[in-house]
Structures are given as C-alpha cells and as structure tokens.
Amino acid sequence: MIKANYILLLFFSLFVFSVFGCPAGGGKRYTISGKITDKNNGEALVGATIFIRELKTGGVSDLYGNYSLTLSEGDYTLVFSYIGYATREISIVLTSSISLPVELSPHQQQLNEIEVTSEKNDRNVVKPEMSAFRMDIKTIQKIPALMGEVDIIKAIQLLPGVQSVGEGSSGFSVRGGAPDQNLILLDEATVYNASHLMGFFSVFNNDAIRDVKLYKGDIPANYGGRLASVLDIRMNEGNSKKYEINGGIGIIASRLTIEGPIVKGRSSFIVSGRRTYADLFLPLSSNKALQNNKLYFYDFNAKINYRINDNNQIFLSGYFGRDVFRNNFARMNWGNETATFRWNHLFTKQLFSTFSFIYGNYRYFIGTPTGNNNSFEWSSNLRDLGIKGDFSYYLNTNNTVRFGAAATYHMFYPGKAQGIGDQTVVTEVKVPNNYAFESGIYGNNEQRIGDHVTLKYGLRLSMFQSVGPGTIFHFDSSYTAIDSSVYRAGIVYNTYLGWEPRLGLLYDFNTHHSVKASYSRTYQYLQLAQNSTVGTPLDIWFAASPNVKPQIADQVAMGYFRNFRHNTIETSVEVYYKWMNHVIDFKDFANLILNNKLEGEIRSGKGWSYGIEFLIRLNEEKINGWVSYTWSRAFRQINEINNGDPYPAPFDKPNNISVVLNYIISPRWSIGATWVYATGAPVTFPTGRAEIGGKIVPIYSDRNQYRYQDYHRLDLSVTFSGKQKPGRKFNWDLNFSVYNVYNRHNTWSINFMQDNENPNVTYAEKIYLFGIVPSVTFNFHFNNE
Amino acid sequence: MNKKTAYILFFFLLMNSCTEKVDVALDNTYTRLVVDGDISPDTAEYCIKLTKTADYFFNEPVPPVTNARVFLSDGETIIPLSETDSGISGIYATKPTFAGKPDRDYTLHINLSEEISGKSNFDATCKLNHVTPLDSIRAVFEPDWGSEGIWKIQLWAQEPGDEVNYYLFNLYRNGNLITDTITKKVVADDKFYNGSYMNGIDVLYLNNAHKWETIYPGDTITLQMSGITEEYYNFIMQVQQSGFSIPFFSGPPANVKGNISNGGVGFFAAYSNTFAKALVR
Chain A
7 MIKANYILLL
17 FFSLFVFSVF
27 GCPAGGGKRY
37 TISGKITDKN
47 NGEALVGATI
57 FIRELKTGGV
67 SDLYGNYSLT
77 LSEGDYTLVF
87 SYIGYATREI
97 SIVLTSSISL
107 PVELSPHQQQ
117 LNEIEVTSEK
127 NDRNVVKPEM
137 SAFRMDIKTI
147 QKIPALMGEV
157 DIIKAIQLLP
167 GVQSVGEGSS
177 GFSVRGGAPD
187 QNLILLDEAT
197 VYNASHLMGF
207 FSVFNNDAIR
217 DVKLYKGDIP
227 ANYGGRLASV
237 LDIRMNEGNS
247 KKYEINGGIG
257 IIASRLTIEG
267 PIVKGRSSFI
277 VSGRRTYADL
287 FLPLSSNKAL
297 QNNKLYFYDF
307 NAKINYRIND
317 NNQIFLSGYF
327 GRDVFRNNFA
337 RMNWGNETAT
347 FRWNHLFTKQ
357 LFSTFSFIYG
367 NYRYFIGTPT
377 GNNNSFEWSS
387 NLRDLGIKGD
397 FSYYLNTNNT
407 VRFGAAATYH
417 MFYPGKAQGI
427 GDQTVVTEVK
437 VPNNYAFESG
447 IYGNNEQRIG
457 DHVTLKYGLR
467 LSMFQSVGPG
477 TIFHFDSSYT
487 AIDSSVYRAG
497 IVYNTYLGWE
507 PRLGLLYDFN
517 THHSVKASYS
527 RTYQYLQLAQ
537 NSTVGTPLDI
547 WFAASPNVKP
557 QIADQVAMGY
567 FRNFRHNTIE
577 TSVEVYYKWM
587 NHVIDFKDFA
597 NLILNNKLEG
607 EIRSGKGWSY
617 GIEFLIRLNE
627 EKINGWVSYT
637 WSRAFRQINE
647 INNGDPYPAP
657 FDKPNNISVV
667 LNYIISPRWS
677 IGATWVYATG
687 APVTFPTGRA
697 EIGGKIVPIY
707 SDRNQYRYQD
717 YHRLDLSVTF
727 SGKQKPGRKF
737 NWDLNFSVYN
747 VYNRHNTWSI
757 NFMQDNENPN
767 VTYAEKIYLF
777 GIVPSVTFNF
787 HFNNE
Chain B
1180 MNKKTAYILF
1190 FFLLMNSCTE
1200 KVDVALDNTY
1210 TRLVVDGDIS
1220 PDTAEYCIKL
1230 TKTADYFFNE
1240 PVPPVTNARV
1250 FLSDGETIIP
1260 LSETDSGISG
1270 IYATKPTFAG
1280 KPDRDYTLHI
1290 NLSEEISGKS
1300 NFDATCKLNH
1310 VTPLDSIRAV
1320 FEPDWGSEGI
1330 WKIQLWAQEP
1340 GDEVNYYLFN
1350 LYRNGNLITD
1360 TITKKVVADD
1370 KFYNGSYMNG
1380 IDVLYLNNAH
1390 KWETIYPGDT
1400 ITLQMSGITE
1410 EYYNFIMQVQ
1420 QSGFSIPFFS
1430 GPPANVKGNI
1440 SNGGVGFFAA
1450 YSNTFAKALV
1460 R
C-alpha cells in the first residue's frame, strides 16, 4: 500500500512540476548547454555564473560544471564568470540548440591568491538559496591551523551558526543541533565519523578536496536524513591536461598528491595520501610507558574520471582512512571507507542526470594481545550500500526542475566482544545485528516570476523500513524490557514515512540586495548513541525502530543580503527558528556500550533553537575572509530529564564572533589571522555535597545551569612563497602558524576534586588542552609543463 | 576491561593537556538526609551513618543527624539500632551479635527527631545477596608499569553461569583495610565472564608509588569478595565517577541514584562476603 502511494507520488510530483514549468512565451526556443572548466587543468567549475546581458538573467553551473539555458531565438551576449578566473564574454546568434563548452583561465597573478572576480558574482544575492556557505579549498588552506594541519571541519566551525563541540574537536553543532544531526558527504557517500586522533584532525585531506558546501538550513530537497545540516564535500577530479605533484611536510603529518591525465582531455586521475608520524618520536620519550606506543592515522583518496563523449562522463572515487593505536596492552583501530561510482548523462541539452552507486563503511576494533586470561577483541561496524538518481531539467530560463530518488540499505553490526586465545576466560557478548532500508524521492522547481521574485518549492518523501532479521525488545513505562519480538530475514517489520516540504522565496530589489525566506522540514532516522559532549571513535549508530521515533525538525529562516563594491563585499543577516521533535537524549548514567537493550536507555522529547547571524564576507584583491557575529539559543525538553523542565542544549553558546582574514602583503608574503569568541558552554555544577564512604559526592544543580568561562582564541599564520615565474615547474611555500597566540587556557572541562591531605576540602580544577602551539609546514607543487 | 583499554588511549592523548585550580561560584541547595551503611551475614556490630548534605565548598565535616530512631527489618523481625554516642555521633549500630541472613530483603526505617527540609521518615530496602566462594588469590608485581611498579591482585573462582552477578572487592593488608574509601573499592559485573572459571583474573591494582596503600613481600593480604545487588553496583560506579567529567566519554553529570526513599541520598547495602588469603612474595 505504502509502496504504491510512493510511486504515485513520484509521478504526481513530476506532473505538477511540468505544469508549473510551462514555457512563458511563444516563439521558437533553443538550448545552449555545455560544461564550464578550468583552462589549465580541465577541472569542472562548480557554481560558475552565466549572465545573459540582453535579458539581465542567467544561470549557474551545477556540481559537475554543466549548465543549460533555454532561450528564444535571437542574438545574445553570454558572460561567463567564476571566482578567481578571468571573465569571458561570448556573443552568439541563436538559431538552433547548441553545445558551448567554455574554458575559463585562472587569473595570472599569484599562485595561491584568491582573486577578485568579475562584476557578476552576485550569486549570494540573486539565488533563492540561503543559510548556505561554499568555500573552496584555497580559502580553507589559508586559515591558520592547529599543528599546521589544514582542516576542513575546523574551517566550517568558524562559520556563523556553527559551534565546535569542544576544543580541537571535529564535531560541530549547527543552529543548536547535535553533532550527529549533520550529514557529512564525501562524493555523495556518508562519512559517519569525521575524526582522526579523537577529533583533533578531520578525515579530509585538503589536497584531495576541491570544495565544501555547508547547508545550515534551507536544505535542498535532494538531501535528506539529517535534521541540522548537510556538509557536501567534493573531491578533486585531477588535472586532465598535465601532471602535477603536490605535497606538504608538517610537524605531525605529511601529504603527497599526484594527479594528471590518463587520456589527455578525456580522462584524469588523482591519488592522495597522508600519514601522521608523531608516534615515530615516542621511542625517544623518557616515559617508559610511552616508548612502546604506536599512534598514528593515515588516509588515502583516489579518483578517476573518464569522459566517454559530450553526453556521458563517469567517475570513480574512493576514500580509505584508519587510526591505529597499539601498545603492550591493547590495540585499536578505526576508520571510514567510502566508494562512489557516478555516471553523468545528458539525455538532452536540457535534461541532465547523475546516477550514483555508493558504498560506505565505518568500523572499529579494540583488542588485547592473545595469551592472557582476559584477552579479547571487540569489533563493530556500520555499512551502507546506496543508489541514487538525480535529474536536472532546465526547462527554460525561468524554471529549473530537479528531481530524483535515492535508496540506501544500512547494515548495523553494533558490536561483538569475545575472548581470543587458549588462555582466555572472556565469554562472547554480542548485540544483535540489524538492517534497514532508507529511501527518498524528491522534486523541486526553481521558478522566476516577473523581474524580482524567484520561488523555490519542493518536496521530499522519505521512507525508513526496518528489515529482518532483527530483535525488538518491548519496554514498559519504566523502560524495563519485558519481552521481545524476533523477525525473520527479509521481513519489513516497521515503516516510517516522512513528508518533507522545502520552500524558498527570493525578492531581489536589484542585483545588489535582496530578501529571502525559507521553510524546510527534515527527518532523521539514524542517530548516534553518545551522551558525552565530544565523543570517542567507538560510535554506535542506531536506527529508528518501533521504540525509536524518527526525529523531525521544522525550520523557518529569513534574511537580507546585500553586496557592495562590485560584489567583493557580501553581507547578510539571517534570523531562524527551529522546532525539533523526538530529539534523542539518554537517561542519567546510561549504558551505551555493548548493550543489547540500548533502546531502553533513550529518552526523547522536543527541542527548539533560534538566532540571528550577521556575516560580512570579503573578496577584495588584497584581503579576503569573513567576520561574523551570531546570537543564538538552543533548548531541550524531555520528560524524564531535568524533571521535565527545559534545559539549555549542550552547545547553547549565545554569543559568537568569528574573524577570519587573509592579507596578501606581496606576491611572496601573506598572513592569515583567526579570532574566535564564544560564550562558555553550559554545564551542570554541584550545589551541595554528601559524604558517602569517605568521598565527597556532589549534589548537582539542574541540568546545564552554569557556564564555563567564555572561550576565545587568536591564531596567526605567515606564508612565504618561493619566487614565481610563469612556466616554472617547481613552486613551494613555507607556512608558519601559531595556534592560541595569547596562550589562553580555555576550559575543556572542570572537575571537582577532593584534597588528598584534608578530605573535607574540595576544589574545582580546570582541564585545558592547548596552550600556545606553533608549527611549520612546507608545501610544494610540481608540474611537468 | 574494555573501558580500561579505552582509558589507556585517552590517557595517552591527554598527556599534553594541563590542569589548574580555578574558582567557581556555586549556589546553595536545600539540605538532604544522607545514609551510609551496610550489613552482612558475618556476626558483627554494623553501623549506619546518618549525616546532612552541606554546601559543596563547605570544607568541614558534614553535620551528623542525631537522636533519630532507626530500625532494621528482615520481613520477620524488627530490631532497633542505637546511636553509639547518643545525641552526638549520628552513627547507629546493631548489637555485636547481629548476623544478616542471605537472600532476605532488609529494610532500614529512619524516623528523625527534627525534620530535614520538611521530611522525617525514610526507608531503604536491599536484598542481601549470596556469593560464590573464592578458591585462591595471588599478588603479582609488574615492575615496568607506572613509575614504581604496580601490584596486581588475581583471583581464582568459579563464576556461576545461571545468574547475573555483581561483585564488590576489598583488600586487607595484615588485617587492615587498604580499600578504605569508596573510591578505592572495586566493583565488577559478570558480563564478560558469566559462567567462566576465573583462572587468575586481575581484580585489583595497587600503585607501588602510593606508599600508604601498597603491599610488601612478607605481608598477608586478604581479598574480600562480596555479592551485591545491581542497584548497589550502579550506585558505587556512579559515586566513583561523580565530580569527574572527561568530555570524550562522560555523560552529563547527574545525582547518584541510591535506595533511600523520600529524597534521601546514599545507600543502605546488604551483601554476603567470601574471603581468601595469600602471602606476598
């Protein structure tokens, strides 16, 4: 019954869009389409703008650099532009549909300079898209980094509306959401754990990444499955014209990337690897316990693409990363693997499509050496197999229709621990595996109405089915398991359906300023069993089930957008309010590890958050970056927690300032500075003491009634580049960076301790992670031309 | 066991972090009754200590609750407990001839002479669990662990496979309790060992750098293994973690959950003991 409805809806939605999308005028209409690429390396340019001078309208290239415009017969001047590239104007006489691939040349000045663009970069004003932020990797590489390791996630944490979950952590909270409410995609594959080394570094090797886009709200209908945000990360495609080697040597890690053509102009590859080597110095340590430790991570990215012809291109990309820890007592490793195969196909000049096949896996392993009576190993993983089809239909200059469908089969192996070796007396403990099928179909139209208004309206219908074999416990009102149901393989024993409307409205006064509004509803069916703030690699993801309802969020946002000085200064103000239902928390002292009755530890309720975000983004010739201020609040209310009273969410930090600036002093010298300020995180502190068994036991306040001290930190970096001449094959730069310049001891946590000498005396003790941390990184670039 | 492995890793990562004392302004809260005491089948005088809560930075001994009427019931008989130093100590004792009976539910009844935050009657019930016998124990020295070495206490015993068991371990050196505060005691469940023969499993570690709580060759050590309830096991775990928060794995702080009714804090525990001795070599 449900399935039939589902298919009906797909047809219904297509029908609706085609009616809405009827061409506005008469006369013969033709399509101009093609791919916009970088002239030097052949890489697709995403989000390049095409402006039609005569019509004062235009379009934008998609994720693969493709564009399509359908216009009436006539003479037109097309202006192609992209940040950092010289603008090109092409005049055409349109008497038939034509294919028009366009190559843009990067500006010739500084190699690693972010260029001022052309006058037509008004995308943030004239597109009906808000609460989104795109950064290319060059911008991210200029931000001073902890230990010199450039990090995408750390850059994302500097955006308005985004909070770090803790010093040095790769977790982030978007507009009051939880860290597991962010969908992190690497070439369309879900990355379940984006941390290396307990989060101090993220899994994304910046040499292998092309660009990053974060949606904090107004999430497009083609994405689903998380409440708070989508972080869409795209890997480099590789230079299709010449060979290049890029690399870097830092104090904790080194990187090497090789890219180049396989068949010139048709096919290219990129491979990139990174490994830390901090542990290589451990044998020098005077601490005996440390000498035998191994602790490192590595990752490996690879991608190839092949252009079969103008209408077909295929891509294969993959990621493999591991953290490894080993000493005399224990060994541990964890990491992600993803693989994506994509086929871009142009059905017609107006109908583009992408089909993706996706594999993802997150796993971890803990064990001890064999031969002891307590030798054991413990492993867990979560595996995804997915398929997606996405279509863009460029109906005419006023209507762009996107639709598609996606399905993912999730396999959960939550954990199995068992003894190993002959000596062991450890018995097997296993949490039963379970399986689920998550799918979605969507349709969306972006419609220009008149001279000033653009509407965006779409709908996503998501479905989540629990598939046998599976065991579901039934809980009484006090969350005690009373009995269980066991389902056979292949049986669908629970289904949730989610209607997710996504709406947007743009009114542009002119190309310099506009107002926008949006509404989106999102459903989330998978969540992380984690009740600590920062988390460990021992992630347990669990699915919606008969006991766990899907989380639902509704968000409304409004904003004013204005650009100055030929779009080199972008400013915006956005306000939002978000309601969340069935948000997850856990009972006090929850047991989340290897617990087959995990669902009995969950408490769910509602949440809400609201805020206002101010942003000034600079793209001037010498100076670029952004300054933002955010005021926001976030709350939760769950019946069995905090006596059912509302409490501040863990990442409720009302005031936030980020200043991220890069200044190019000369062709060889540039400096970067970052300053962040945030109200201290909410925390629960003792208000009384009880003495039990010789220990002073705290009597706590209501949840999150206190705050840590405010957080602030300044980072600086200086980059010195080797002499640059056109045609030079080898280029290098040296980056010095300092994290936490004024050595502020920002609170990571506060513990309440009992004095050893006088057990009646208690005191508070702060843990801070980093004082001032200087570092140096050497980067090089070699090409064969 | 699994936790221990994880802790080693996290400890390693925290090596570079630093701590410093800070001043924190804390509010007050209303006063609660605190109950702390236990009984066992071994014939002895058992004490229940009644105190009040205080401000967190009170930094003096917490005030005793005196002149209360305290009774202990095993479902058949009710016996009174008497305050050891009437009107002063707040410690209520059984007769020295008292011996609990395994597998009975014991209830402590408390009736205060002066109300605490409007309440004067409190109850606590705990089942006195039995325990499986210990076969033997051994102390093994690991000279390379820690700065001055670590003593491991290992045990041999059959873990019963037909029930879920929770254990409390205490250690005596020449008859003196080394695990003299609740934070030094060790609790364990049988999740990973249910039904196994424990062939020298480590149960307790003594840091040889802590001279006041280590052992020496020639000492006689006694391991006390007690069969406790799940509720008491959880209580001790919570007490041991309380006050401490490591953002990697600590959940939000919460009040420890004891078994005292009517908003009281603490635990009245009942459990059986088994002992094994060894000479340290």
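As given, the protein sequences belong to chains A and B, one line each in that order. For the first sequence, the numbering used here gives the first residue as 7, with consecutive numbering after it. For the second sequence, the numbering used here gives the first residue as 1180, with consecutive numbering after it. In this text, a Cβ means the ideal position worked out from N, Cα and C, and glycines have one as well. The structure displayed is predicted, hence computed values, not measured ones.
Contact with chain B by Met-153/A, beta-carbon distance below 8 Å: To locate residue 153/A, count along the first sequence from 1; it is residue 147. Not one chain B Cβ lies under 8 Å of Met-153/A.
Gly-182/A and Lys-584/A closer than 8 Å at C-beta: Taking the first residue of the first sequence as position 1, residue 182/A is located at position 176. Taking the first residue of the first sequence as position 1, residue 584/A is located at position 578. Yes; because the gap between Cβ atoms is below 8 Å, this pair is in contact.
Spatial distance of His-572/A from Phe-515/A (CA atoms): Reading the first sequence from its first residue, position 566 is the one you call residue 572/A. Reading the first sequence from its first residue, position 509 is the one you call residue 515/A. Rounded to whole angstroms, His-572/A to Phe-515/A spans 16 Å at the Cα level.
Identity of the residues DSSP links to Ser-723/A by a beta bridge: Translated into the one-based positions of the first sequence, residue 723/A becomes position 717. According to DSSP, Ser-723/A bridges with Gly-678/A, Ser-743/A.
Spatially closest choice to Val-1365/B from Ser-1421/B, Tyr-1412/B, Lys-1306/B, by CA coordinates: Mapped onto the second sequence, residue 1365/B falls at position 186. Of Ser-1421/B, Tyr-1412/B, Lys-1306/B, the residue nearest in Cα terms is Tyr-1412/B.
Sequence ranges, beta strand (DSSP E) only - wholly within the region 464-531 of chain A, length at least 3: Runs found: 476-481, 487-493, 498-514, 519-530.
Within-8 Å CB hit, Ser-1440/B to chain A: What you label residue 1440/B is simply residue 261 of the second sequence in a count that begins at 1. Closer than 8 Å: no.
C-beta atoms of Trp-681/A and Glu-173/A nearer than 8 Å: On the first sequence, position 675 is the one that residue 681/A refers to. On the first sequence, position 167 is the one that residue 173/A refers to. Not in contact: Trp-681/A and Glu-173/A (Cβ atoms no closer than 8 Å).
Residue nearest to Asp-305/A in terms of C-alpha spacing, selected from Gly-341/A, Thr-539/A, Thr-414/A: Indexing the first sequence from 1 puts residue 305/A at position 299. Cα-wise, what sits closest to Asp-305/A is Gly-341/A.
Reference Arg-389/A, options Gly-279/A, Asn-440/A, Thr-406/A, closest by Cα: As a position in the first sequence, residue 389/A is number 383, starting the count at 1. The residue with the shortest Cα to Cα distance from Arg-389/A is Asn-440/A.
Residues of the region 1415-1428 of chain B whose Cβ lies closer than 9 Å to any Cβ of chain A, in chain order: Of all residues in the region 1415-1428 of chain B, the ones placed with a Cβ closer than 9 Å to any Cβ belonging to chain A are Ile-1415, Met-1416, Gln-1417, Val-1418, Gln-1419, Gln-1420, Ser-1421, Gly-1422, Phe-1423, Ser-1424, Ile-1425, Pro-1426, Phe-1427, Phe-1428, in chain order.
Rounded distance between the beta-carbons of Phe-397/A and Gly-377/A, thought under 8 Å: Residue 377/A sits at position 371 when you count from the first residue of the first sequence. Residue 397/A sits at position 391 when you count from the first residue of the first sequence. The pair is not a contact, with the Cβ atoms about 58 Å apart (cut-off 8 Å).
7 Å Cβ cut-off: residues of chain A touching Leu-1205/B: The sequence position of residue 1205/B within the second sequence is 26, counting from 1. Those within 7 Å of Leu-1205/B in chain A are Phe-691, Pro-692, Thr-693.
Contacting residues, own chain, Cβ-Cβ under 6 Å from Ala-345/A (five flanking each side not counted): Position 339 of the first sequence, counting from 1, holds the residue named residue 345/A. Closer than 6 Å at the Cβ level, and outside the excluded window around Ala-345/A, lie Gly-324, Tyr-365.
Distance, Ile-488/A Cα to Asp-482/A Cα: Sequence index remark: in the first sequence, residue 482/A carries index 476 (1-based). Sequence index remark: in the first sequence, residue 488/A carries index 482 (1-based). Approximately 7 Å, taken between the alpha carbons.
Alpha helix (DSSP H) segment containing Ile-158/A, residue limits: In the first sequence, counting from the first residue as 1, residue 158/A sits at position 152. Start and end: 158-162.
Test: Met-1404/B CB closer than 8 Å to a CB of chain A: For the purposes of this step, residue 1404/B is taken as residue 225 along the second sequence, with counting starting at 1. No, no contact with chain A.
Distance between beta carbons of Glu-580/A and Met-136/A, contact taken as under 8 Å: Locating residue 136/A in the first sequence gives position 130, counting from the first residue. Locating residue 580/A in the first sequence gives position 574, counting from the first residue. Contact flag correct, Cβ pair sits at about 6 Å.
C-alpha gap between Gln-319/A and Val-85/A, whole angstroms: Numbered from 1 along the first sequence, position 313 holds the residue referred to as residue 319/A. Numbered from 1 along the first sequence, position 79 holds the residue referred to as residue 85/A. So the two alpha carbons sit approximately 26 Å from each other.
Boundaries of the beta strand (DSSP E) in which Phe-326/A is found, first to last residue: Residue mapping note: residue 326/A aligns to position 320 of the first sequence, counting from 1. 318-332 is the extent of the beta strand (DSSP E) around Phe-326/A.
Limits of the unbroken beta strand (DSSP E) element including Val-562/A: On the first sequence, residue 562/A is found 556 positions in, with the first residue counted as 1. Where Val-562/A is concerned, the enclosing beta strand (DSSP E) stretches over 557-570.
Supposed contact pair Ser-1375/B and Val-431/A - C-beta distance, whole angstroms, cut 8 Å: Indexing the first sequence from 1 puts residue 431/A at position 425. Indexing the second sequence from 1 puts residue 1375/B at position 196. 4 Å between Cβ atoms; contact.
Neighbour flag for Val-703/A against chain B, beta carbons, 8 Å: Within the first sequence, residue 703/A is the residue found at index 697, counting from 1. Yes, because at least one Cβ of chain B sits closer than 8 Å to the Cβ of Val-703/A.
Local Cβ density within 10 Å of Arg-280/A, reported as buried at 16 or more and exposed below that: Here the question's residue 280/A lines up with position 274 in the first sequence. It is buried - the Cβ of Arg-280/A has at least 16 other Cβ atoms within 10 Å.
Distance, Phe-742/A Cα to Asp-1359/B Cα: Counted from its first residue, the second sequence places residue 1359/B at position 180. Counted from its first residue, the first sequence places residue 742/A at position 736. If you take the alpha carbons of Asp-1359/B and Phe-742/A, they lie about 53 Å apart.
6 Å CB neighbourhood of Thr-406/A in its chain, flanking five on each side removed: Sequence index remark: in the first sequence, residue 406/A carries index 400 (1-based). So the qualifying residues of the chain are Tyr-400, Glu-452.
Residue interval of the alpha helix (DSSP H) (run including Lys-144/A): To locate residue 144/A, count along the first sequence from 1; it is residue 138. From DSSP, the alpha helix (DSSP H) with Lys-144/A extends over 143-147.
Which of helix, strand or coil DSSP assigns to Phe-784/A: Counting from one through the first sequence, the residue named residue 784/A turns up at place 778. The answer is strand: DSSP assigns Phe-784/A an E or B state.
Extent of the continuous beta strand (DSSP E) run through Arg-216/A: Against the first sequence, residue 216/A aligns to sequence position 210. That run of the beta strand (DSSP E) goes 215-221.
Contacting positions in the region 1358-1374 of chain B - beta carbon closer than 8 Å to chain A: Asp-1359, Thr-1360, Ile-1361, Thr-1362, Lys-1364, Lys-1370, Phe-1371, Tyr-1372, Asn-1373, Gly-1374
Expected contact under 8 Å - CB spacing of Lys-1173/B and Leu-1307/B to nearest Å: Residue 1173/B falls outside the range modelled here, since chain B spans only 1180 to 1460, and no answer is possible.
Beta carbon proximity, Ala-1233/B to chain A, threshold 8 Å: Against the second sequence, residue 1233/B aligns to sequence position 54. Yes, contact with chain A.
Three-state class that DSSP yields for Phe-207/A in the structure shown: Position 201 of the first sequence, counted from the first residue, corresponds to residue 207/A. If DSSP states are grouped into helix, strand and coil, Phe-207/A belongs with the strands.
Proximity test, Cβ basis, 8 Å: Cys-1305/B and chain A: Counting from one through the second sequence, the residue named residue 1305/B turns up at place 126. Output row for Cys-1305/B: interface = no.
Segment contact flag, the region 465-482 of chain A with the region 492-503 of chain A, C-beta cutoff 8 Å, min 3 pairs: yes
Helix, strand or coil at Val-168/A according to DSSP, with G and I counted as helix: Start at 1 with the first residue of the first sequence, and residue 168/A comes out as number 162. Of the three classes helix, strand and coil, the one that applies to Val-168/A here is strand, per DSSP.
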